[in-house]
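Visitor: One structure follows; several queries about it will come next.
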Amino acid sequence: MNRINVANIIAESKFNRFHFGLLAWCFFIILFDGYDLVVYGTAVPLLMEEWGLNTVEAGAIGSYGLFGMMFGAMIFGVLADRLGRKNVTAISLILFSLFTLLCGFATSATMFSIFRFIAGLGLGGIMPNVIALLTDYSPKKMRSMVVSIVLCGYSVGGMLAPILGIFVMPSLGWESIFWFAGVPLLFLPLMYKKLPESAVFLVRKGRKEELFKNLQKVNPNLSFNGNEEIETIQEDVSKVPVVGLFKEKRALSTLMFWIAFFSCLLMVYGLNTWLPKLMIEAGYGLNSSLGFLVTLQGGAIVGTIIIGRLCDKYGSKKMLVPMYASGAIALTLLGLGGNTFYIYVLVAIAGAATIGAQNIVQAYVSQYYPPYIRSTALGMASGIGRMGGMMGPILGGFLLSISLPIEMNFIVFAIPGVLASIALVIVGEKHSYIKSYNEQSIEKIKNKDTKLTEIIE
Numbered sequence: 001m002n003r004i005n006v007a008n009i010i011a012e013s014k015f016n017r018f019h020f021g022l023l024a025w026c027f028f029i030i031l032f033d034g035y036d037l038v039v040y041g042t043a044v045p046l047l048m049e050e051w052g053l054n055t056v057e058a059g060a061i062g063s064y065g066l067f068g069m070m071f072g073a074m075i076f077g078v079l080a081d082r083l084g085r086k087n088v089t090a091i092s093l094i095l096f097s098l099f100t101l102l103c104g105f106a107t108s109a110t111m112f113s114i115f116r117f118i119a120g121l122g123l124g125g126i127m128p129n130v131i132a133l134l135t136d137y138s139p140k141k142m143r144s145m146v147v148s149i150v151l152c153g154y155s156v157g158g159m160l161a162p163i164l165g166i167f168v169m170p171s172l173g174w175e176s177i178f179w180f181a182g183v184p185l186l187f188l189p190l191m192y193k194k195l196p197e198s199a200v201f202l203v204r205k206g207r208k209e210e211l212f213k214n215l216q217k218v219n220p221n222l223s224f225n226g227n228e229e230i231e232t233i234q235e236d237v238s239k240v241p242v243v244g245l246f247k248e249k250r251a252l253s254t255l256m257f258w259i260a261f262f263s264c265l266l267m268v269y270g271l272n273t274w275l276p277k278l279m280i281e282a283g284y285g286l287n288s289s290l291g292f293l294v295t296l297q298g299g300a301i302v303g304t305i306i307i308g309r310l311c312d313k314y315g316s317k318k319m320l321v322p323m324y325a326s327g328a329i330a331l332t333l334l335g336l337g338g339n340t341f342y343i344y345v346l347v348a349i350a351g352a353a354t355i356g357a358q359n360i361v362q363a364y365v366s367q368y369y370p371p372y373i374r375s376t377a378l379g380m381a382s383g384i385g386r387m388g389g390m391m392g393p394i395l396g397g398f399l400l401s402i403s404l405p406i407e408m409n410f411i412v413f414a415i416p417g418v419l420a421s422i423a424l425v426i427v428g429e430k431h432s433y434i435k436s437y438n439e440q441s442i443e444k445i446k447n448k449d450t451k452l453t454e455i456i457e
């Protein structure tokens, strides 16, 4: 009986129309994920004025959505490994699109907060599952780059929110930018039809016909008669998969990833929520302040693409450590002020080293762990990270309420960048799944009696 290894077929495939379609749909989903996250920071100056909110109250409202994201990341990350990433992705998209849309109809801060929390559940579930699904089907040589491109959708959506706000809020009010968040619901039926289910999930559930159909799209030169024996993962996935994050000497690295996620998301959501308000306090107008938010996201796009490509060549860890450190330096210098062009450059660097770094570290985590706990690893790290994300808006609101000098506000937000850099230094690269995969592949290739399709996953 012919034996096939699913992971090896996908890893050695060439990028084709199937991969491009998957990339496009994942980019679309993450674009609106980014839009829905940044839209609150775009509207917060007007919300504070209309509802009479102080900075502490506005920061708390910003954290309610992140509180939902924390639970969403943990719950949906674990459920996806059992129920399927495609289904959980669709459920998450419905939650964040529908309830962000409803935020535009909120008549009070309380109603708005409830809608943001429920939307946050979906926002928390979408990222780890989209990244895991994309990683499942991407050629090994292009995984970091493909994931980095899709994660740029987050920043494109983050740019779209303030750009749309500049043009439509003066005439249609803050509500209008939340209504736009309902667009993905129109594309949901087509998206569900086009997205493949996770290969790992199909193997586990014994859905061979669907699996072979997807593998033929991955590599059109393949043909199957239905009698093939599928090599699969030997771990006992009936047990709680979270335990796997701490097995095979990965415990310390898991904790360090959690610290990095916590620290980076504190910076990301603190800046996304309060950068416009901070710049208004520094003397800039609303439109100019929203322009800095656009620049922050633009820097993230450039950083994600360039550093993502370098990660494929030199390794994610070697790129992320200095990236986090440069973000801390940029934020510190940003607080010291300067001419407008200089400020824009620093904001762009900060975007690359915070939002861009967060995009890349997710790709790193998706390759660090074996497939059977990939969604769980991303979900748990994202969930822990959301705790830092929750602190970001609250911390920013508190700092503004006590009227610290502007430079001190930025220095406080720079400190987590240092912590994230140190945490990544400690991560044990030699214990990663991708390194183990490469070493086993080399050993198998050296064995003349072993075919490439029999490489252990």
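For the record, in the sequence shown the residue sitting at position 267 is 267 according to UniProt numbering, with numbers rising by one throughout.
In this text, a Cβ means the ideal position worked out from N, Cα and C, and glycines have one as well.
Keep in mind it's a predicted model, so treat the numbers as computed, not measured.
1. For the alpha helix (DSSP H) that contains residue 272, what are its first and last residues?
2. Identify, in the order they occur along the chain, each residue of the same chain with its Cβ nearer than 7 Å to the Cβ of residue 203, setting aside the five sequence neighbours on each side.
3. Classify residue 54 as helix, strand or coil using the three-state DSSP reduction.
4. So what's residue 394 in DSSP terms, helix, strand or just coil?
5. Give the single residue among 377, 97 and 418 whose Cα lies nearest to the Cα of residue 123.
6. What first and last residue would you give for the alpha helix (DSSP H) that runs through residue 309?
7. Can you tell me whether residue 4 is helix, strand or coil according to DSSP?
8. State buried or exposed for residue 10, treating a residue as buried only when at least 16 other CB atoms are found within 10 Å of its CB.
9. By alpha-carbon positions, which one of 257, 86, 262 and 247 ends up nearest to residue 193?
10. Does the beta-carbon of residue 450 have 16 or more other beta-carbons within 10 angstroms, so that it is buried, or is it exposed?
11. For the structure I just gave you, are there three or more beta carbon pairs, one from the region 417 to 429 and one from the region 321 to 330, closer than 8 Å?
12. Tell me whether the region 414 to 422 and the region 259 to 267 touch, counting them as touching only if at least three CB pairs, one residue from each stretch, are closer than 8 Å.
13. Could you check if residue 408 is buried or exposed, using at least 16 other CB atoms within 10 Å of its CB as the buried criterion?
14. Alpha helix (DSSP H) containing residue 111: first to last residue?
15. For residue 275, which option in 265, 290, 327 and 263 has the closest C-alpha, if you only look at C-alpha atoms?
16. Give a yes or no on contact between the region 393 to 409 and the region 149 to 164, applying the rule of three or more CB pairs nearer than 8 Å.
17. Evaluate residue 285 with the Cβ neighbour count: other Cβ atoms within 10 Å of its Cβ, from every protein chain shown; 16 or more gives buried, anything less gives exposed.
18. With a threshold of 16 other CB atoms inside 10 Å of the CB of residue 101, please say whether the residue is buried or exposed.
19. Please classify residue 197 as buried or exposed, where buried requires at least 16 neighbouring CB atoms within 10 angstroms.
20. Look up residue 240 in the DSSP assignment and say whether it is helix, strand or coil.
21. Whole angstroms are fine: how far does the CA of residue 390 sit from the CA of residue 62?
22. Provide the residue span of the alpha helix (DSSP H) that contains residue 372, from first to last.
23. Are the beta-carbon atoms of residue 179 and residue 104 separated by less than 8 Å?
24. Taking 8 Å as the threshold (C-beta atoms), are residue 351 and residue 300 in contact?
25. What did DSSP end up calling residue 230 once you bin it into helix, strand or coil?
26. Mind the definition here: the region 11 to 25 touches the region 130 to 139 only if three or more C-beta pairs lie below 8 Å; say whether that holds.
27. Expressed to the nearest angstrom, what Euclidean distance is found between the alpha-carbon atoms of residue 111 and residue 64?
28. Short check: CB of residue 266 to CB of residue 254, under 8 Å?
29. What do you get for residue 38, buried or exposed, if any count of 16 or more other CB atoms within 10 angstroms of its CB means buried?
30. Taking the CB atoms as reference points, tell me whether residue 378 and residue 131 lie closer together than 8 Å.
31. Might you give, ordered along the chain, the residues of its own chain that have their beta carbon closer than 8 Å to the beta carbon of residue 292, omitting 5 neighbours on each side?
32. Taking the alpha carbon of residue 134 as the reference point, which residue from 34, 28 and 209 has its own alpha carbon closest?
33. Between the Cα of residue 113 and the Cα atoms of 146, 40 and 150, which residue gives the shortest distance?
34. Should residue 364 and residue 316 be called a contact, given that it needs their Cβ atoms to be closer than 8 Å?
35. Between the beta-carbon of residue 93 and the beta-carbon of residue 126, is there less than 8 Å?
36. Quick check on residue 87: does DSSP put it in helix, strand or coil?
Guide: Taking the coordinates as given:
1. For residue 272, the enclosing alpha helix (DSSP H) covers residues 251 to 281.
2. 6, 211, 230 and 232
3. Residue 54: coil per DSSP, three-state reduction.
4. helix
5. For residue 123, the nearest C-alpha among the options comes from 97.
6. 286 to 314 is the span of the alpha helix (DSSP H), which, as asked, contains residue 309.
7. DSSP places residue 4 in strand when its eight states are reduced to three.
8. buried
9. Among 257, 86, 262 and 247, the Cα nearest to that of residue 193 belongs to 86.
10. Low confidence applies here, because residue 450 scores a pLDDT of 45, under 50, leaving its location unreliable; read the following figure in that light. Around the beta carbon of residue 450, a 10 Å sphere encloses fewer than 16 other beta carbons of the protein chains shown; the residue is thus reported as exposed.
11. yes
12. yes
13. exposed
14. 109 to 137
15. Nearest option by C-alpha distance: 290.
16. The region 393 to 409 is not in contact with the region 149 to 164.
17. exposed
18. So residue 101 ends up on the buried side.
19. Label assigned to residue 197: buried.
20. Residue confidence for residue 240 is low, a pLDDT of 49 falling below 50, so the modelled location carries little weight and cannot support an answer.
21. 8 Å
22. Unbroken run through residue 372: none, as it is neither H nor E.
23. yes
24. yes
25. strand
26. yes
27. Roughly 12 Å between the two C-alpha positions.
28. no
29. Its Cβ being crowded by 16 or more others within 10 Å, residue 38 is buried.
30. yes
31. Excluding sequence neighbours, residue 292 sits near 275, 276, 279, 284, 343, 344 and 347.
32. 28
33. Answer by Cα proximity: 40.
34. yes
35. yes
36. helix
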